[in-house]
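Position in the sequence shown (first residue = 1) + 63 = the numbering used here.
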Amino acid sequence: MEKKKDRKSYRHMNGIEIIGLGKAVPETRLTNEDLRQYMDTSDEWIRSRTGIVSRHLCTGEESLTDLATEASRKAMEDAGIAPEEVGLVICATCTTDYMVPSVACAVQENIGIPGGVPAFDINAACSGFVYGLQLIYSLMNAEAACRSERKYALMIGGEQLSKMLDFSERSVSVLFGDGAAAAIVRGSSQKRFFCHTAAEGDRSALYAHTVGRNQIPAMEYKGKRIVSENPLQITEAYAAGIMKDGYLRMDGRKVFRFAVRVLAAEIDQMAEQSKVPAEEIDYIVCHQANSRIIDYVRKQKNLPEEKFFMNLQEYGNTSGASIPLALADMKDRGMLKPGTRIFCIGFGAGLTWGGCYLEF
Ligand code: COA
């Protein structure tokens, strides 16, 4: 991925392209076999229903911000750009380290991206990276986000899902992992880009409540209670409520049905928008949730296995990080050559979904 010098193309861009990728995963890797120490499960159950073999989980010494920073540094190095050239920072995450500031702002501080450019997080769960690319595409085309001398956007997908996992409950905790990956994106008059995003509000299929569900009366004004989340006021019963509500919960079968429906529809949508039939596209990079979801749609569409890149066996479901993590691994394996065309398709909590067509 060579950094190109033609600055004029930015003014007339109507596509975007990824010119650098980087990833960072926690050092600690737990196999399915390792999980047997903590719950009644088996490698056979997890592997046969999901394809997952291991996941990387943050320990107390690592945070989402650390992973996002490392992935961003590597992506910038891969693209050959300096912090001063970044004009926009977006992080797709649903497991932010702080309520404020955003992970994007924390990364901006860590890397030394000069002030004066927008930096913010988005939460579209596992579809976040696709949503983010659509935002970058729109903002760059509007020439609102980047100063002319800073034409690169840093798009991060990062999650520390272990913060939300209940390891005493086997049906959800075995599926997820932590990680981050980042892409350097720039406007392009040569590379085509198409995108589609959507959601259907559903709070019961896949959710984790925040502490906001357990509000404590702090003040009373005209008979109405103003509530607070001040941790100093937390009682034991309140803490138990937070513990219970804060975990990720899922109706697995409902999510499975949703995932196969929107994945199949989004492949058609991308083929229609890009005018590249699925049979001719080089790769389809699906959100890495479950190999059974991907296999189901692949067989339904009669597409070959080689078209669907998968690394979920190593990382599990890393939500917003999953698609850029797949792209970064593909780059490391030499699969992203000039001219390679890809559909990326995400789906997840919200319920959200979306697809994009990328040219390398
Ligand atoms: N190890 C062993 N047994 C487990 C288990 C685990 N980790 N988790 C659940 N089980 C047990 C259950 O207790 C249940 O046992 P019971 O029948 O005795 O009550 C049984 O396995 C359920 O099995 P099954 O009905 O075969 O589950 P499933 O085929 O619906 O598979 C999922 C479960 C979660 C793998 C599946 O629903 C799925 O993939 N859903 C989509 C999940 C997803 O991708 N979400 C993220 C989208 S972004």
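Backbone N, C-alpha and C define an ideal beta-carbon position, used for all residues, glycine too.
Problem - Gln351: first and last residue of the uninterrupted beta strand (DSSP E) it sits in - result: Per DSSP, Gln351 belongs to no beta strand (DSSP E) and is neither H nor E.
Exercise for the section: May I have a chain-ordered list of the alpha helix (DSSP H) segments no shorter than 4 residues that lie completely inside the region 171-245? Expected result: Here the runs fully enclosed are 191-204, 233-236.
Problem - Among Gln336, Met313, Gly150, the one whose alpha carbon lies nearest that of Leu202 - result: Of the listed residues, the one whose Cα sits closest to Leu202 is Gly150.
Exercise for the section: Provide the residue span of the alpha helix (DSSP H) that contains Gly315, from first to last. Expected result: It spans 315-337 - the alpha helix (DSSP H) in which Gly315 sits, taken as one unbroken run.
Practice task
Consult DSSP for Ile109 and reduce its assignment to one of helix, strand or coil.
Solution key: Here Ile109 sits in helix by DSSP.
Practice task
Could you tell me whether any non-hydrogen atom of the ligand COA is closer than 7 Å to the CB of Ser126?
Solution key: No, the ligand COA has no heavy atom inside 7 Å of this Cβ.
Exercise for the section: Check Met258 in the structure and name its three-state DSSP category. Expected result: The amino acid occupying residue 258 in the given sequence is Cys; Met does not appear at that position. DSSP places Cys258 in the strand class (E or B) of the three-state scheme.
Handout entry: Sheet register partners of Lys287 (DSSP bridge)
Key = When beta bridges are read from the DSSP output, Lys287 appears opposite Tyr284.
Exercise for the section: Decide yes or no for the touch test of the region 178-188 against the region 102-114: beta carbon pairs closer than 8 Å, at least 3 of them. Expected result: In short, these stretches do not touch, since the Cβ pair count stays below three.
Exercise for the section: Confirm the yes/no value for this check: CB of Trp108, any heavy atom of the ligand COA, distance under 7 Å. Expected result: For Trp108, the shortest separation between its Cβ and any heavy atom of the ligand COA lies below 7 Å.
Exercise for the section: Can you give me the Cβ contacts of Thr94 inside the same chain, cut-off strictly under 6 Å, excluding the 5 residues immediately before and after it? Expected result: The answer, listed in chain order, is Ser117.
Exercise for the section: Mark Asn353 as exposed unless 16 or more other C-beta atoms lie within 10 angstroms of its C-beta, in which case mark it buried. Expected result: That one is buried.
Problem - Residue from Gly191, Glu90, Ser111 with nearest C-alpha to Glu124 - result: The residue from Gly191, Glu90, Ser111 with its alpha-carbon nearest to that of Glu124 is Glu90.
Practice task
Under the assumption that Ser267 contacts Trp416 (Cβ atoms under 8 Å), give the Cβ distance between them as a whole number of angstroms.
Solution key: 17 Å between Cβ atoms; not a contact.
Handout entry: Span of the beta strand (DSSP E), counted from its first residue to its last, around Glu369
Key = If you look at Glu369, you'll find it isn't in any beta strand (DSSP E); DSSP assigns it neither H nor E.
Handout entry: Close-in-space but distant-in-sequence residues of the same chain around Thr158 (CB under 7 Å, 5 per side omitted)
Key = Answer for Thr158: Leu127, Glu222, Gln223, Leu224, Lys226, Met227, listed in chain order.
Exercise for the section: Please classify Asp265: does DSSP put it in a helix, a strand, or coil? Expected result: Three-state DSSP puts Asp265 in a strand.
Exercise for the section: Decide if Lys394 is buried, meaning its Cβ has at least 16 other Cβ atoms within 10 Å, or exposed. Expected result: Buried is the call here.
Handout entry: Length of the line joining the Cα atoms of Asp69 and Arg249
Key = Confidence at Asp69 is low in this model, with a pLDDT of 47, below 50, so the placement of that residue is unreliable and no value is reported for it.
Handout entry: the ligand COA heavy atom lying under 7 Å from the CB of Ser234
Key = True, at least one ligand heavy atom lies under 7 Å from that Cβ.
Handout entry: Backbone CA spacing between Arg361 and Val152 [nearest angstrom]
Key = So the two alpha carbons sit approximately 34 Å from each other.
Handout entry: Of the listed residues Tyr310, Lys254, Gly240, nearest to Tyr270 (C-alpha basis)
Key = Check the Cα spacing between Tyr270 and each of Tyr310, Lys254, Gly240: the tightest is with Tyr310.
Exercise for the section: Check whether the region 367-387 touches the region 170-182, taking contact to mean three or more Cβ pairs, one atom from each stretch, closer than 8 Å. Expected result: As far as the Cβ criterion goes, the region 367-387 does not touch the region 170-182, which means the pair count is below three.
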